[in-house]
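J.: Chains as they are written, first to last, in the numbering used here: chain A, 107 to 404; chain B, 368 to 697.
Idealized CB from N, CA, C, for every residue including glycine.
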Amino acid sequence: MLEFFETITGIPAPLLFGQLLLGLINGAFYAMLSLGLAVIFGLLNIINFTHGSQFMMGAFVAWMLLAWAGIGYWGALVLAPLIVGATGVVIERLMISRLYKLDHLYGLLLTFGIGLMIEGYFRNEFGSSGLPYRIPAELSGAWDLGFMFMPVYRGWVVVFALATCLATWLVIEKTRLGAYLRAATENAPLVQAFGVNVPRMITLTYGAGVGLAALAGVLAAPIYSVNPQMGTNLIIVVFAVVVIGGMGSILGSVITGFSLGVIEGLTKVFWPEASAVVIFVIMAIVLLARPAGLFGRA
Amino acid sequence: MASETTAGGVPAVAPPAEGFIFGFTKPQLGALVLMIAFLAIAPFYLYPIFLMKLLCFALFACAFNLLIGYVGLLSFGHAAYFGMGGYIAGHAAKVWGFSPEVAVLAGALVAGLQGWVFGWIAIRRQGIYFAMITLALAQMVYFFCVQAPFTGGEDGIQAIPRGAAFGAIDLSNDMSMYWFVAAIFLAGFLMVHRVIHSPYGQVLKAIRENEPRATSLGYRTDDYKLVAFILSATLAGVAGGTKSLVFGIATLTDVNWPMSGEVVLMTLVGGLGTVFGPVVGAAVIVTMQNYLAEMGAWVTVIQGAIFVTVVLAFRRGIVGEIANLLKVKL
Chain A
107 MLEFFETITG IPAPLLFGQL LLGLINGAFY AMLSLGLAVI FGLLNIINFT
157 HGSQFMMGAF VAWMLLAWAG IGYWGALVLA PLIVGATGVV IERLMISRLY
207 KLDHLYGLLL TFGIGLMIEG YFRNEFGSSG LPYRIPAELS GAWDLGFMFM
257 PVYRGWVVVF ALATCLATWL VIEKTRLGAY LRAATENAPL VQAFGVNVPR
307 MITLTYGAGV GLAALAGVLA APIYSVNPQM GTNLIIVVFA VVVIGGMGSI
357 LGSVITGFSL GVIEGLTKVF WPEASAVVIF VIMAIVLLAR PAGLFGRA
Chain B
368 MASETTAGGV PAVAPPAEGF IFGFTKPQLG ALVLMIAFLA IAPFYLYPIF
418 LMKLLCFALF ACAFNLLIGY VGLLSFGHAA YFGMGGYIAG HAAKVWGFSP
468 EVAVLAGALV AGLQGWVFGW IAIRRQGIYF AMITLALAQM VYFFCVQAPF
518 TGGEDGIQAI PRGAAFGAID LSNDMSMYWF VAAIFLAGFL MVHRVIHSPY
568 GQVLKAIREN EPRATSLGYR TDDYKLVAFI LSATLAGVAG GTKSLVFGIA
618 TLTDVNWPMS GEVVLMTLVG GLGTVFGPVV GAAVIVTMQN YLAEMGAWVT
668 VIQGAIFVTV VLAFRRGIVG EIANLLKVKL
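1. For the beta strand (DSSP E) that D250 (chain A) lies in, which residues bound it at each end?
2. Does DSSP put P467 (chain B) in a helix, in a strand, or in coil?
3. Counting only beta-carbon atoms, is L340 (chain A) nearer than 9 Å to chain B?
4. Taking 9 Å as the threshold (beta carbon to beta carbon), is V678 (chain B) in contact with chain A?
5. Would you say the stretch 642-654 of chain B touches the stretch 176-187 of chain A, given that touching needs at least three Cβ pairs under 8 Å?
6. Pick from A:K374, A:A346 and A:L357: whose alpha carbon is nearest that of G444 (chain B)?
7. When DSSP builds the beta bridges, which residues end up paired with A617 (chain B)?
8. If we ignore side chains and look at the alpha-carbon of each, how far apart do M626 (chain B) and G252 (chain A) end up?
9. Got a sec: is the Cβ-Cβ distance from V630 (chain B) to anything in chain A below 9 Å?
10. Could you name the residues of the same chain whose beta carbon sits closer than 7 Å to that of V653 (chain B), not counting the 5 residues immediately before and after it, in chain order?
11. So P645 (chain B) is in the beta strand (DSSP E); what residue range does that whole segment cover?
12. Cβ closer than 9 Å: which chain B residues qualify as neighbours of E379 (chain A)?
13. Are the stretch 604-623 of chain B and the stretch 470-484 of chain B touching, with three or more C-beta to C-beta distances below 8 Å?
14. Mind listing which residues of the stretch 493-517 of chain B have their C-beta closer than 8 Å to chain A's C-betas, in chain order?
15. By Cβ distance, which residues of its chain are closer than 6 Å to G337 (chain A), with the 5 residues on each side in sequence left out?
16. Could you give the residue range of the alpha helix (DSSP H) that holds M307 (chain A)?
17. Between the C-alpha atoms of R306 (chain A) and K696 (chain B), what's the straight-line distance to the nearest angstrom?
18. What in chain B is Cβ-close to F386 (chain A), meaning under 7 Å?
19. With C-beta atoms as the reference, is I308 (chain A) less than 9 Å away from L149 (chain A)?
20. Are the beta-carbon atoms of W180 (chain A) and P242 (chain A) separated by less than 9 Å?
21. Using a beta-carbon distance cut-off of less than 9 Å, what residues from the stretch 206-227 of chain A approach chain B?
22. Hey, is V348 (chain A)'s beta-carbon within less than 9 Å of any beta-carbon in chain B?
23. Can you give me the start and stop residues for the alpha helix (DSSP H) that F166 (chain A) sits inside?
24. I'd like the span of the beta strand (DSSP E) that includes P257 (chain A), first residue to last.
25. According to DSSP, is A531 (chain B) helix, strand or coil?
26. In whole angstroms, give me the CA-to-CA distance for A532 (chain B) and M544 (chain B).
27. Can the beta-carbon of A595 (chain B) be found closer than 9 Å to that of V438 (chain B)?
28. Between L441 (chain B) and the rest of its own chain, which residues show a CB-CB distance below 6 Å, the 5 nearest in sequence each way excluded?
29. Report the neighbours of L635 (chain B) on chain A: residues whose CB is nearer than 9 Å to its CB, in chain order.
30. Is A182 (chain A) a contact residue of the ligand PLP, with contact defined as CB to any heavy atom under 8 Å?
31. If we call anything under 9 Å between Cβ atoms a contact, is L325 (chain A) one with V263 (chain A)?
32. Taking Cβ positions only, does A382 (chain A) come closer than 9 Å to chain B?
33. State the Cα-Cα distance for the pair E371 (chain B) and D541 (chain B), rounded to the nearest angstrom.
34. Specify the secondary structure class of P378 (chain B) as computed by DSSP and reduced to three states.
35. I'd like to know whether the C-beta atoms of G367 (chain A) and G129 (chain A) end up nearer to each other than 9 Å.
36. Using the three-state DSSP reduction, which class does D209 (chain A) fall into: helix, strand or coil?
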């Protein structure tokens, strides 16, 4: 079967599966980041342009925990999202909360400015060349799957990201807290009238969305080098992913994220020059055919 | 200005409004005279290259303001038109040997066509989605420019000749180049003003204020928005093309997303939806970058801080605040 495929396409199977795996990993980051964006957008009605910088902060906090406090990968996986999420709570309370009565575009501009400040600060402190972060000992090495070698860490990223997305979906769809959240997304004043502290919920939701971005950042630290620009280029692609999927559905953004990662990986195999733009092209096509996005409500 | 309709539903021709001279209010006319006087005197006291850079960005910001200020569309990808205008003008002047005014027009034409296609795609969504879509499309242009052979990739197009305007005026001299740039800027500025104060511009403002209502009055709002988008992209292309002739170089910087952010910042600082705001904003930001150039990445931090401050405390921008204080329109 594999040899047949190689004869037909002239593409070595290891290359194909290697890119597929890379695509799945990128897809995992697209899914986690667009999920956070969708959750924040649902309740706050702003697009969090700082999301990419918060992803980057997750990776940097993991690096700092290791370099300055000797806390390794597993500790960082828990602590970094909490720390970055806490900064998110501060940002929401001090700044974003002042804009809810205004046009949503101001939220975009504000979070863009905050992102610039964070990125500029990290570039000053750490330079732009990037810092190394080692794969933890438990997850190093590779499995021989017969048709390719799969680095254990990369498999872990895909599985962990899937589990995180599933857990987020469960919390939002199946718990009481999630029910409040969905209700407030529909009609915040009404939920507040029932005695739910909606402003606090908004703050915590922003913190949680930011924490999700930071968690993705910790996962990414051993794969990409930890550098201040790692988030910005990613977040623009994630915006396209969000437009393609529409922000109406949690599972929708997860599915869109993973599949676009895979499509991008496949494009790298068959037409490498187009791989950087393929997601944007898909976005344009989806907008022409279904302006509300694949899973969106018009 | 509410337009009266006759009994037949046909819009009556609005009489020339009181207190307007060429569509400018008296304070605006005063500001215009001041601006032209500044343009005429400045090159004798300030470094002409700096002034030309300022004028290119001022025109870029005016083009951007046409969309955000008068149609309410936030394009977060205007670098695509600015940068593409620069590349095409540079290529036309260097490889094809076009004279500078034709090279700039070629850049504007391509930027306008690109704006046509991207606008046609992006106006299907509103608000935040519109911003995200324009940003993503612009990033596509960026990746195209990284790979396309004619842009020179990381090196850009270098040693673009300024040539001779209309085949007669040698522009290699900074002073003559300055007058050329000042003329382009002033023409672009007045064109934006003319568009805003035309009946077409009134419809744009109606769309900004209440799109469903404009639709219900029978206006095809998408067509109006698309034309505004094309105009804005074309003018951004003019600005980019002029800039590449001034500096003799067209690079990826002008087509990348931070440039899109910069033009938003300039317009925001100057005042969204004011006639002179983008010019003042561009002057402030370009001057700031000039003086802080040696501070490296801190410039990014400062720009971010200005964004945050303006959005939180200062949403009218400089010109908007002055206009509000003086209770006039600027």
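T.: Reading off the structure:
1. A248 to D250
2. helix
3. no
4. yes
5. Fewer than three pairs of CB atoms, one per stretch, sit closer than 8 Å, so the stretch 642-654 of chain B makes no contact with the stretch 176-187 of chain A.
6. A:A346
7. B:I524
8. Whole-angstrom Cα-Cα distance: 48 Å.
9. no
10. Cβ neighbours of V653 (chain B) beyond the five flanking positions: K420, L421 and F424.
11. Here P645 (chain B) belongs to no beta strand (DSSP E); instead the alpha helix (DSSP H) covers G644 to Y658.
12. Q514
13. Counting Cβ pairs under 8 Å, three or more are found: they touch.
14. G494, I495, Y496, A498, M499, I500, L502, A503, L504, Q506, M507, F510, F511, V513 and Q514
15. G158, S159, F161 and M162
16. V304 to A326
17. 41 Å
18. A503, L504, Q506 and M507
19. yes
20. Result yes, Cβ atoms of W180 (chain A) and P242 (chain A) sit closer than 9 Å.
21. L208, D209, H210, L211, Y212, G213, L214, L215, L216, F218, G219, I220, G221, L222, M223, I224, E225, G226 and Y227
22. yes
23. Here the alpha helix (DSSP H) through F166 (chain A) covers H157 to A175.
24. F255 to P257
25. strand
26. 9 Å
27. yes
28. I435 and A498
29. L635 (chain B) reaches chain A at L215, counting residues in chain order whose Cβ is nearer than 9 Å.
30. Absent from the structure shown: the ligand PLP. Ligands present: none.
31. In this structure, V263 (chain A) lies closer than 9 Å to L325 (chain A) by Cβ.
32. At least one C-beta of chain B is nearer than 9 Å to the C-beta of A382 (chain A).
33. Note that E371 (chain B) scores 39 on pLDDT, short of 50, meaning its location in the model is unreliable; the coordinates nonetheless yield the value given after this. Approximately 51 Å between the Cα atoms of the pair.
34. Any answer about P378 (chain B) is weak, because its pLDDT of 46 lies below 50 and its placement is not dependable; what the coordinates show is given next. In this structure, P378 (chain B) counts as strand in the three-state DSSP scheme.
35. yes
36. coil
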